[in-house]
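Numbering (our numbering), first residue to last: 3 to 449. Just so it is clear, CB atoms sit at the ideal spot from N, CA and C, and this is done for glycine as well. Since this is a predicted model, take the numbers as computed values, not measurements. Presented below is the structure to which this report refers.
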């Protein structure tokens, strides 16, 4: 399914499979569009034939896609050889704060290398801005650069590997401006001809709170082809099981997970997203299958939703809430499952915001399997956020080590703890049956 990227055939294939399962389980559609709730998103397909290399002292080093670097999900197309390369710190231009990584260096017709993260320090206690890849890329292009290479700040506690990501930020897509994220391991190829390591450069900038941009002795070549669409149709998959009580069937429990992932880059680099979030999607399907055989126990109606475009910024769940097929005040609770298959225990977020729901889940867990850790938080989380924001009590289930393989090629079915996933499904079913009965009353969100 090629990484289930919204707007692409792989995601559509997954969505059709899930709709067929809903139909097989006896769920009913909530709209005239059948089991699909359509909306539109940006999408960007990265095609075969990419290349990235450096040249230093006439020595050319070719890098391997998926090992040494990953293209940003919304990279533009480009094909250029042997461009001069410059380091531009954090890639920030804030003249109002007396800080500008581009002020003292000419980046025209060059490739810039910048830290992916923002500084952890501030000037005059002012925020730096979003620091999104699209924002930093647009600034580099505005200053005349022809491409941008992101690298994780080496001095932070846990530098981020190059990962697949379609979280790009606001702004207009530049279809001719390449963006990639390279691994820290290959940065010496770019900086060894200078007096500084990348870590030393970060230390200089952070300690002085002043830019320290410099031209590198390295040349860079990038070749990437993409197919960008500003509006591609995608869909949430939605079905319901009607409650058995003539009154309470007009109250609803939403059970959701996002179905999408971050796609692929050519035919060889495919982000399979087993834990993120095939695990949550499989949990929703299994809960639907089992509870479709226990409908008489459910007084309230259950709505099952597989969201699209979570990876772009919770787009699918936000669209569902803003275009809800039922009134918000009639949604009693929401359970969200995201990255629930890796590790040895579960955490349930947003428990402080809806303590009654949280206590039901904890009590069910303690009476049987003891897989839920005590830590929780408030304020939503992942696709539960949109529901929390409109005062719907929502819990966010995730495994305790859910981000070990986050957006990496290693997020494959072999990493899934299937016994943990079964424990999650059993716990969710017991909790939903209780919440779906007469005893539970919709609680007020605790701020």
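Counting other Cβ atoms within 10 Å of its Cβ, residue 192 reaches 16 or more and is therefore classed as buried.
The continuous alpha helix (DSSP H) containing residue 428 extends over residues 420-437. Here the alpha carbon of residue 98 sits roughly 48 angstroms from the alpha carbon of residue 16.
One alpha carbon belongs to residue 395, the other to residue 136, and they sit about 34 angstroms apart. Contact between residue 268 and residue 52 holds: CB atoms are separated by about 6 angstroms, below the 8 angstroms threshold. In the DSSP assignment, residue 41 is bridged to 236. Contact between the segment 341-352 and the segment 406-423 is present, with at least three C-beta pairs closer than 8 angstroms. Counting along the chain, residue 84 sits inside the beta strand (DSSP E) bounded by residues 80-89.
Inter-residue distance for residue 325 and residue 40 is about 11 angstroms (C-alpha atoms, whole angstroms). Assignment of residue 104 by DSSP, reduced to helix, strand and coil, places it in the coil class. Secondary structure of residue 145 (DSSP, three-state): coil. Residue state for residue 335 is assigned as strand, using DSSP reduced to three classes.
Counting only the Cα atoms, residue 138 lies some 39 angstroms from residue 335. Inside the segment 264-293, DSSP marks whole alpha helix (DSSP H) runs of 4 or more residues at positions 282-293, from first to last along the chain. The continuous alpha helix (DSSP H) containing residue 13 extends over residues 11-26. By the Cβ test, the segment 180-199 is not in contact with the segment 285-300, since fewer than three Cβ pairs between them sit closer than 8 angstroms.
The segment 333-368 is shown to contain whole beta strand (DSSP E) runs of 3 or more residues at 333-339 and 348-351, in chain order.
In the three-state scheme derived from DSSP, where H, G and I count as helix and E and B as strand, residue 204 is classed as helix.
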